[in-house]
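Shown next, in structure tokens, is the structure this report addresses.
Residue numbers (the working numbering): 4 to 245.
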């Protein structure tokens, strides 16, 4: 009897989930999701719709994230012609010219910042996911750390390189924070490589919204899709989405 009762409860989860969404209650499936979703709702503006732009350092991650977006009810609109024209001037001729925007591994922090703002400023997108740009500077100096451990680079040289890398990362996080607050659109950055000492939440006192750096595209998409669903619920009730 107990087994039968449990089975009935499990079978009715879809009904339970539907009722929760209709009343504006978003469901977390485990403690990690609960913490991540809480941080997202506390830190980001709600997306105005489900149209997503993706900027990625490499193509593979973009494909994975696009598939994840589709599974969660988000859409990737075609890249507007004006964005193609602007990025044509910045990227090699073989770049994707599509959404996701593949920056083909270009190690240029200024390009990262410009590409993010171009996408966020566009009326074609309600939210932007940024893959592998945050963390790229720190990841890129890992071979230099190996050389330092072998004695090929002095402590002083290594210190200067580390400080330069941290400065690049901070500039990019500042750009994301400023851009998100300027356009009041959420930006979900996913780090290229997470390190144990990384600070995954970044706040700037002058800005209303904070930056959360995600470790996986899947979690970034989960948070985005859940915020979209909640924003849609508020819209049906005629409530403020800000």
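Where a beta carbon is used, it is the ideal one built from N, C-alpha and C, also for glycine. Computed from a prediction, not measured in an experiment: that's the story for all the values here.
**Request:** State buried or exposed for residue 68, treating a residue as buried only when at least 16 other CB atoms are found within 10 Å of its CB.
**Result:** buried
**Request:** Return helix, strand or coil for residue 236, following the three-state DSSP convention.
**Result:** Helix.
**Minimum C-alpha distance to residue 85 - residue among 191, 64, 122** = 122
**Prompt:** With distances taken from CA atoms, which of 115, 238, 111, 220 is nearest residue 73?
**Reply:** 220
**Request:** Can you grab the Cα-Cα spacing for the pair residue 174 / residue 142, in whole Å?
**Result:** 16 Å
**Asked** Looking at the structure shown, is residue 56 part of a helix, part of a strand, or coil, going by DSSP?
**Response** strand
**Asked** Rounded to a whole number of angstroms, what is the C-alpha to C-alpha distance between residue 233 and residue 132?
**Response** 18 Å
**Beta-ladder partner(s) of residue 215, from DSSP** = 204
**Item:** Limits of the beta strand (DSSP E) - the one that residue 31 falls within
**Value:** Segment: none, residue 31 is in no beta strand (DSSP E) and carries neither H nor E.
**Message:** Let me check understanding here. Comparing Cα to Cα, which of 48, 25, 37, 22 lies closest to residue 230?
**Reply:** Proximity to residue 230 across 48, 25, 37, 22 peaks at 48, based on C-alpha coordinates.
**Message:** Just verifying my parser: in three-state terms, what is the DSSP assignment at residue 190?
**Reply:** Residue state for residue 190 is assigned as strand, using DSSP reduced to three classes.
**Prompt:** What is the DSSP secondary structure of residue 134, counted as helix, strand or coil?
**Reply:** strand
**Asked** Under three-state DSSP, which class holds residue 78?
**Response** Of the three classes helix, strand and coil, the one that applies to residue 78 here is strand, per DSSP.
**Under the three-state DSSP convention, the category residue 165 falls into** = helix
**Prompt:** Looking at residue 83 and residue 125, is the spacing between their C-beta atoms short of 9 Å?
**Reply:** yes
**Request:** Please name the residue, chosen from 239, 188, 237, that lies closest to residue 214 on a Cα-to-Cα basis.
**Result:** Of 239, 188, 237, the residue nearest in Cα terms is 188.
**Prompt:** Would you report the Cα separation of residue 59 and residue 99, rounded to the nearest angstrom?
**Reply:** 11 Å
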